[in-house]
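Each remark here refers to the structure printed beneath this line.
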Amino acid sequence: MCNLTVLGHWLARTGFPVGDGLALLPAGCDIFGMSFSFRFTHAITRRPAASITRGLRAVDTGNPDLAVMQAHHDAYIATLRETGAKVVELPALDAYPDSVFVEDTALCLPQGAVIMRPGAPSRLGEATEMAPHLRALYAQVVAITSADSFIEGGDILVTEREILVGRSARTNAAGIAELARLVAPWGHTVREVHTPPGVLHFKTDCSLLDAETILSTRRLSASGCFHGYRVIDIPEGEEAAANTIRFNDLVLMPAGFPRTRDTIATAGFNLREIGNSECAKLDGGMSCLSLRFTPT
Ligand code: GLY
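Counted the way my numbering counts, the sequence shown spans residues 35 to 330.
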């Protein structure tokens with residue numbers, strides 16, 4: 035692997051003028067042995083609240099069972115720790131039924147964190163709750179602030195070469211443009227893409243498996259948004275397994291999707307299946323449950 039984009043970010047941090055040429059460098063070029071898009075020292079999670087039964091959902095398939103969800107959450111955190119991560123577990127926030135899905139509150143990059151402005155009105159306050167925890171770990175924390183801007187972390191896929199952001203019912207063009215302005219000084223390029231109609235978030239339908247490999251549903255990859263990456267297709271009928279996370283040496287994926295499990299394993303990745311039945315009732319998955327980062 036060879037990722038000169040990392041060099042670009044390091045140069046940007048040192049004040050060296052970084053030109054467009056770095057955006058053209060091949061993905062997976064890891065000259066320093068770093069892969070900031072899937073190797074992390076830290077994660078932040080939040081315990082599910084009893085109010086989870088009032089969580090948002092596209093289709094009502096029944097209320098989640100808090101005890102089962104907590105057991106799945108414990109297994110998720112234990113697995114992150116097994117990879118060597120320090121996991122900060124925040125207490126439940128009963129005022130925010132969806133607050134277990136911390137990913138939507140911020141974007142964490144090597145140079146700093148960006149506090150989001152969730153597009154779901156009931157979730158706006160979750161971002162404010164997250165901010166002090168990131169300020170405690172990062173030297174630089176900025177925020178999406180325009181009243182016109184809406185953006186949730188579930189719509190953001192960070193790769194070694196760029197940041198893809200899917201427009202969705204939760205993320206609009208103004209939010210994407212504001213994010214692009216905030217991360218440009220850190221050497222990051224934002225590319226606007228589209229979340230398939232009826233799908234909650236862009237990453238509901240895709241995940242990064244390594245610097246150049248993306249796991250995706252066919253309905254999303256058919257848009258051509260992953261041109262230049264190696265794409266592994268989710269087997270037909272297992273679209274709900276597309277939201278996985280690569281975290282250090284493991285891929286965490288939802289349990290119950292044997293053809294996707296075999297596809298990922300055959301591609302050479304070490305994986306761990308985590309129960310997700312309760313989060314799935316609220317359209318949540320592996321990525322939604324954590325912020326993953328290496329603070330500066
Ligand atoms: N239930 C997760 C969300 O709709 O944001």
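A virtual CB, placed ideally from N, CA and C, is assigned to each residue, including glycine. Predicted model only: the values in this text are computed from it and were never measured.
Does any residue of chain D have a CB that is nearer than 8 angstroms to the CB of residue i?
i: Thr294; result: No chain D is present in this structure, which holds just one protein chain.
Starting from residue i and walking both ways along the alpha helix (DSSP H), at which residues does that stretch end?
i: Arg115; result: Leu100 to Glu116
i: Gly159; result: Leu158 to Arg169
i: Asp296; result: Pro292 to Thr300
i: Val134; result: Element bounds for Val134: n/a, residue is neither H nor E.
i: Glu212; result: Ala207 to Val217
i: Glu194; result: Where Glu194 is concerned, there is no enclosing alpha helix (DSSP H), given that its DSSP letter is neither H nor E.
i: Ala314; result: Ser311 to Ala314
Taking the DSSP output, what are the residues bridged to residue i?
i: Arg326; result: Ala77
i: Ala119; result: Its beta-bridge partners do not exist; DSSP assigns none.
i: Ala147; result: Cys142 and Val175
i: Leu284; result: Phe281
i: Ile190; result: Val199
i: Ile185; result: Arg151
Which same chain residues end up closer than 6 angstroms to residue i when comparing Cβ atoms and leaving out the 5 residues on each side of it in sequence?
i: Ala165; result: Ile149
i: Cys142; result: Leu325 and Phe327
i: Leu254; result: Pro230, Asp239 and Cys240
i: Ser321; result: Glu137, Lys237, Asn277 and Ile279
i: Cys259; result: Val227
i: Arg169; result: Val175
Please return the same chain residues whose Cβ sits closer than 8 angstroms to the Cβ of residue i, not counting the five positions on each side in sequence.
i: Leu90; result: Pro131, Asp132, Ala154, Ser156, Arg157, Leu316 and Asp317
i: Asp189; result: Val199, Gly200, Arg201, Ser202, Arg204, Thr205, Thr229, His235, Phe236 and Lys237
i: Gly53; result: For Gly53, the predicted structure reports a pLDDT of 33, less than 50, and the residue's modelled location is therefore unreliable. A value from the coordinates is still provided. If we look at Gly53 and ignore the five residues flanking it on each side, it has no Cβ neighbours.
i: Gly55; result: For Gly55, the predicted structure reports a pLDDT of 33, less than 50, and the residue's modelled location is therefore unreliable. The matter cannot be settled from this model.
i: His167; result: Ile78, Val122 and Leu124
i: Leu323; result: Thr79, His107, Tyr110, Val134, Phe135, Val136, Glu137 and Cys313
i: Gly159; result: Ala129 and Tyr130
Consult DSSP for residue i and reduce its assignment to one of helix, strand or coil.
i: Ser180; result: coil
i: Ser202; result: coil
i: Glu272; result: coil
i: Pro231; result: coil
i: Ala289; result: coil
i: Arg91; result: coil
i: Leu141; result: strand
i: Cys63; result: With a pLDDT of 39 at Cys63, under the threshold of 50, the modelled position of that residue is not reliable, and the figure given next carries that caveat. If DSSP states are grouped into helix, strand and coil, Cys63 belongs with the strands.
i: Ala256; result: coil
i: Ser85; result: helix
Measuring only the C-alpha atoms, how far is residue i from residue j?
i: Cys313; j: His222; result: 31 angstroms
i: Pro125; j: Ala177; result: 23 angstroms
i: Val265; j: Pro231; result: 21 angstroms
i: Phe303; j: Thr113; result: 15 angstroms
i: Ser250; j: Glu163; result: 31 angstroms
i: His261; j: Ala84; result: 42 angstroms
i: Thr328; j: Val102; result: 30 angstroms
i: Leu100; j: Ala218; result: 41 angstroms
i: Arg115; j: Pro292; result: 25 angstroms
i: Asp94; j: His107; result: 21 angstroms
i: Asn282; j: Arg215; result: 29 angstroms
i: Arg225; j: Ala129; result: 34 angstroms
i: Ile268; j: Thr278; result: 11 angstroms
i: Arg81; j: Ala161; result: 16 angstroms
i: Gly146; j: Glu273; result: 32 angstroms
i: Tyr172; j: Thr330; result: 6 angstroms
i: Glu270; j: Arg252; result: 8 angstroms
i: Leu242; j: Ala256; result: 17 angstroms
i: Ile248; j: Leu191; result: 10 angstroms
i: Glu307; j: Asp182; result: 39 angstroms
i: Ala92; j: Gly290; result: 21 angstroms
i: Asn310; j: Pro98; result: 10 angstroms
What is the residue span of the beta strand (DSSP E) that residue i lies within?
i: Val227; result: Val224 to His228
i: Cys240; result: Cys240 to Asp244
i: Leu305; result: Leu305 to Ile308
i: Ser250; result: Thr247 to Ser250
i: Asp128; result: Note, Asp128: premise wrong, no beta strand (DSSP E); not H, not E.
i: Phe281; result: Ile279 to Phe281
i: Asp267; result: Arg264 to Asp267
Kindly list the residues whose CB is nearer than 7 angstroms to the CB of residue i, restricted to its own chain and excluding five residues on each side of it in sequence; keep chain order.
i: Leu305; result: Leu284, Val285, Met287, Arg295, Ile298 and Ala299
i: Glu186; result: Asp138, Met150, Pro152, Gly153, Arg204, Thr205 and His235
i: Ser180; result: Ala208 and Glu212
i: Gln174; result: Gln145 and Gly146
i: Gly118; result: Asn282
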